[in-house]
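Here the sequence shown stands for residues 103 to 371, numbered as in the numbering used here.
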Amino acid sequence: MSASNVNPEQESVTPLGKKPTVVPRPMSKDEIRQTVADFGIAAKNAMEAGFDGVQIQANYLYLIAQFVNSATNLRQDEYGGSTVNRARFLFEITETILERVEPGRVGVKIGPMSIPSITPGYRPRGGTEVGSIKISGPFAANADTLPDMDYVIKRLNDYDLAHLLLMGATTDFTGSPLAELAGDGMFQHFRPLYQGHLIANVEMTRERGNRLIELGLADSIAFGRPYIANPDLPVRFLTGAKMNEVSWPTVYASGPKGYTDYPTLITAS
């Protein structure tokens, strides 16, 4: 199911390996309402299970992003058409979660993207070969991408959330409508728009993270990929120790190797 019957032209991890995505079925309004309710139930369950908080995944190629994106959302009802309508799904989810969890324990992960469609031979940055790059497809940035995100991030100010985790450029933005957001441009653009706690993510190093905080472009820094290979990442930052490199063939449901066996500074010595 999705917002509309538009194939995202990507690959998904399945129990039988990576498979091309298919044309989804548009969700009915009842299915949308049930999904919104399910997000609220999931958030409540997470808190009852003892988590400190929840983060709404509104980024990448997932369902919320499929609703916000004008190329994957072709609906003609109140969930499609204008930016306000395409963002309705995200804000209904946010408000439903906030009925179950206090705002100071809820965050949103989001950011404008330009993801190419996948054909054989493409090697994503830092990853293994999965196809060839073709700057096309419904998740390539379009004229709506940045205005949509400006609207969403400004409106998130209304909810007094714990944080906004803003994703930096995950692909090369050169020549796209997001070219000005390359490098630190993402945080320079959105920092003035969001008044709450902003966490910067993607291609972060100790040095870059400290610089973004010193410049006032972020309040905190999130490290994802470095933690895969460095379970003692804070200690390595403090001591200036050499970093382990990620073994990409072992990530994304590829088996137990690379899951918990990266050496720490103690085990390496």
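All residues carry an ideal CB built from backbone N, CA and C; glycine is no exception.
Residue i versus residue j: straight-line alpha-carbon distance, rounded
{"i": "residue 318", "j": "residue 172", "result": "32 Å"}
{"i": "residue 346", "j": "residue 110", "result": "34 Å"}
{"i": "residue 351", "j": "residue 204", "result": "39 Å"}
{"i": "residue 129", "j": "residue 195", "result": "15 Å"}
{"i": "residue 343", "j": "residue 309", "result": "13 Å"}
{"i": "residue 120", "j": "residue 163", "result": "15 Å"}
{"i": "residue 115", "j": "residue 334", "result": "28 Å"}
{"i": "residue 180", "j": "residue 190", "result": "8 Å"}
{"i": "residue 323", "j": "residue 303", "result": "6 Å"}
{"i": "residue 337", "j": "residue 208", "result": "28 Å"}
{"i": "residue 252", "j": "residue 140", "result": "27 Å"}
{"i": "residue 357", "j": "residue 183", "result": "42 Å"}
{"i": "residue 327", "j": "residue 262", "result": "28 Å"}
{"i": "residue 292", "j": "residue 255", "result": "8 Å"}
{"i": "residue 369", "j": "residue 361", "result": "16 Å"}
{"i": "residue 233", "j": "residue 153", "result": "Interpretation of residue 233 is limited by its pLDDT of 40, a score under 50 that renders its predicted location unreliable; no figure is taken from the coordinates."}
Collapsed DSSP secondary structure at residue i in the structure displayed
{"i": "residue 254", "result": "helix"}
{"i": "residue 116", "result": "strand"}
{"i": "residue 259", "result": "helix"}
{"i": "residue 304", "result": "coil"}
{"i": "residue 142", "result": "helix"}
{"i": "residue 295", "result": "coil"}
{"i": "residue 178", "result": "coil"}
{"i": "residue 217", "result": "coil"}
{"i": "residue 229", "result": "For residue 229, the predicted model reports a pLDDT of 42, less than 50, meaning its position is unreliable and no value from the coordinates is stated."}
{"i": "residue 128", "result": "strand"}
{"i": "residue 240", "result": "coil"}
{"i": "residue 165", "result": "helix"}
{"i": "residue 311", "result": "helix"}
{"i": "residue 269", "result": "strand"}
{"i": "residue 122", "result": "strand"}
{"i": "residue 206", "result": "helix"}
{"i": "residue 348", "result": "coil"}
{"i": "residue 186", "result": "helix"}
{"i": "residue 156", "result": "strand"}
{"i": "residue 288", "result": "helix"}
Within 7 Å, strictly: CB atoms of residue i and residue j
{"i": "residue 216", "j": "residue 273", "result": "yes"}
{"i": "residue 266", "j": "residue 314", "result": "no"}
{"i": "residue 214", "j": "residue 280", "result": "yes"}
{"i": "residue 250", "j": "residue 185", "result": "yes"}
{"i": "residue 202", "j": "residue 145", "result": "yes"}
{"i": "residue 104", "j": "residue 168", "result": "yes"}
{"i": "residue 148", "j": "residue 192", "result": "no"}
{"i": "residue 264", "j": "residue 311", "result": "no"}
{"i": "residue 108", "j": "residue 240", "result": "yes"}
Given residue i as reference, the closest of the options once Cα atoms are compared
{"i": "residue 289", "options": "109, 167 and 305", "result": "305"}
{"i": "residue 353", "options": "364, 154 and 218", "result": "364"}
{"i": "residue 367", "options": "339, 360, 202 and 143", "result": "339"}
{"i": "residue 287", "options": "137, 271 and 277", "result": "271"}
{"i": "residue 158", "options": "211, 312 and 275", "result": "211"}
{"i": "residue 242", "options": "276, 264, 260 and 253", "result": "276"}
{"i": "residue 127", "options": "320, 326, 174 and 358", "result": "174"}
{"i": "residue 142", "options": "349, 200, 245 and 261", "result": "200"}
{"i": "residue 295", "options": "260, 325, 284 and 113", "result": "260"}
{"i": "residue 166", "options": "134, 151 and 150", "result": "134"}
{"i": "residue 283", "options": "248, 331, 106 and 113", "result": "248"}
{"i": "residue 123", "options": "219, 170, 137 and 151", "result": "219"}
{"i": "residue 320", "options": "298, 278 and 359", "result": "298"}
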